[in-house]
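Structure first, then comments.
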Amino acid sequence: MKLETFKSFLLVVLIGLSLLLTFGIWNYKTEYEQYDQQQLSREVDVGGSEVTKNQIIEPKSIIFHAGEQHLGYENPRENGNFFQEMQSWTFTDLTLTDGESPEGYDVELTLPDALPIRIINDPLFSFTNQVEITDNWSFDKIYLTLNPDNSTITIQFLSVDERNQATAQLTNSIVYDQITELLASRQGLTEYVEFEGGAQPIYVRSNTDNVTRRTIAVSHISPDEFVRELFPDEQVVNPQNTPNLNLGKYYNDGTREISISPNERLMNFYNPNASDIGITSIGALTLLQNSIDEVNSHKGWTGQLLSEINSASNEITFRLHYAGLPVYSPNDYSIMKLQFQGQDLIRYNRGLLRLDNEIQNDKSTSLPSGEEVIYHLKNETNDINIENVEDIQLGYDLYYQDDRTVILEPEWFMEINGAWQQIQFEDVPNAQQEEA
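So the sequence shown is numbered by the numbering used here: it starts at 969 and just counts up by one.
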């Protein structure tokens, strides 16, 4: 009888333990789901998009050389389309050799900044032969040479110092015929003139008749979205207006800080703790990927393309583009800049505007031709050393018409010592620049 009582008691205990374990499992699952829900609630979407390397790297110019004549696409959007098409080609016989000065090439692509040669395998182009690239040299030019004997195309990636190169072959008669026909018909192409005397050969668009002035509706990203994204615990963030109303809003959690301009068009994030240690280069490819991952995490791409990489300081800059042209603003509304220390984000500065619908576009009648730009720089400017001019480009000057509308005014810009500035054709300031 005692044995039966003991068995009954033991059975009750086991059932009780089973119930406790079941409850514990249920409780653990509930806590996990709550944690997962909290993580989901922190996901930030600022209304932009996610991108890959291929989507944010485009040449700043593509020049077709036909004898003594230099040509480029009349529609600037075609530069990006051509480069995207190139990335669908499959090249053969990838070879790394000593550099050779390019001669007899038919197409010249200039990138916005020098890129590590390893990027051609990661993931810009496709090659049939797998070559492990361990070299550290960089390139900012790509040359295509048509070979009429066998209807092939040679691609050449030449290092900045011309000491190294990578070459490959494209055996695709359809692509060969398309480029040959384009050069023969010149349909969709316009003439470029060479600017001599600068830091390097520069090709400037001659005809500007079809470049238009655009009026575009804009919206703005709420600063609160970046508070949620950039602070680990937004509950401890202290929002405050700065004592000087001209300095806008300020947020901090005791370590990190965000400042917002008074008109809420600019954001500056700074993490001083991560920058206390000396900057150690993480390499251009890691810097590029870290930046893409960071901005992708809140779908923050709103039309920017790669502009500049400084791997020594781990800084990278992206510039807003519209209709195939770069957008400039004296207040940096069109710039997105990030800096890293290892995997930690130190700085993140960007404009908060999003370009929405185009309301109107008008033909620009006051834009000087390429020949007039060259003459002006060589004969009518006293404060510019021609030898320091690194590039000349058409672009858009962005300024606000009102809080919901911006104007993109086509203007000429030049790069001097790594900095872009608008070419001024008059001594008086442009009134459009003087926005509130």
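Idealized CB from N, CA, C, for every residue including glycine.
What are the partner residues of residue 1295, as DSSP defines its beta bridges? Bridge partners of residue 1295: 1364.
Counting Cβ pairs closer than 8 Å, one from the stretch 1228-1240 and one from the stretch 1314-1321, do we hit at least three? In this structure the stretch 1228-1240 lies against the stretch 1314-1321, because at least three pairs of beta carbons, one per stretch, are closer than 8 Å.
Evaluate contact between the stretch 1029-1036 and the stretch 1064-1071, counting only Cβ atoms and requiring at least three cross-stretch pairs below 8 Å. No: the two stretches stay apart, fewer than three of their Cβ pairs being nearer than 8 Å.
For residue 1326: DSSP bridge partner residues: Under DSSP, residue 1326 forms a beta bridge with 1184.
Inter-residue CB distance, residue 1329 and residue 1180 (contact presumed, cutoff 8 Å): Going by Cβ atoms, the distance from residue 1329 to residue 1180 rounds to 4 Å, so yes, they are a contact pair.
Do you know how far the Cα of residue 1382 is from the Cα of residue 1391? So the alpha carbons of these two residues sit roughly 6 Å apart.
Chain-order list of residues whose beta-carbon lies under 6 Å from that of residue 1019 (same chain, five-residue window excluded): Excluding residues up to 5 positions away in sequence, 1269 lie with their Cβ nearer than 6 Å to the Cβ of residue 1019 in the same chain.
Selected residue, minimal CA-CA separation from residue 1023, among 1039, 1158, 1260, 1119: Looking at the Cα atoms, 1260 is the closest of the given residues.
Would you list the residues sitting across from residue 1136 in a DSSP beta bridge? For residue 1136, which the question treats as bridged, DSSP gives the partners 1123.
With H, G and I counted as helix, E and B as strand and the rest as coil, what does DSSP make of residue 997? Residue confidence is low: residue 997 scores 42 on pLDDT, short of 50, so the model does not pin down where it sits. No coordinate-derived value is stated.
Between the stretch 1106-1119 and the stretch 1077-1088, do three or more beta carbon pairs fall short of 8 Å? As far as the Cβ criterion goes, the stretch 1106-1119 touches the stretch 1077-1088, which means the pair count is three or higher.
Rounded to the nearest angstrom, how far is the Cβ of residue 1342 from that of residue 1358, given a contact under 8 Å? That pair is no contact at about 15 Å.
Under the assumption that residue 1044 contacts residue 1291 (Cβ atoms under 8 Å), give the Cβ distance between them as a whole number of angstroms. Yes, they are in contact, since the Cβ atoms of residue 1044 and residue 1291 sit about 7 Å apart, within 8 Å.
Once DSSP output is grouped into helix, strand and coil, what is the label at residue 1226? Here residue 1226 sits in strand by DSSP.
For residue 1290, does the three-state DSSP call read helix, strand or coil? Looking at residue 1290 - three-state DSSP - the assignment turns out to be strand.
Suppose you measure from the CA of residue 1230 to the CA of residue 1375; what does that come to, to the nearest Å? In a straight line, the C-alpha of residue 1230 is about 21 Å away from that of residue 1375.
If you draw a straight line from the alpha carbon of residue 1094 to that of residue 1347, how long is it in whole angstroms? Roughly 47 Å between the two C-alpha positions.
Just the Cα atoms here: how many angstroms apart are residue 1002 and residue 1312? Bear in mind that a pLDDT of 40 at residue 1002, under 50, signals an unreliable position, so the model cannot answer this.
Distance between beta carbons of residue 1251 and residue 1295, contact taken as under 8 Å: That belief does not hold up - the Cβ atoms of residue 1295 and residue 1251 are roughly 29 Å apart, past 8 Å.
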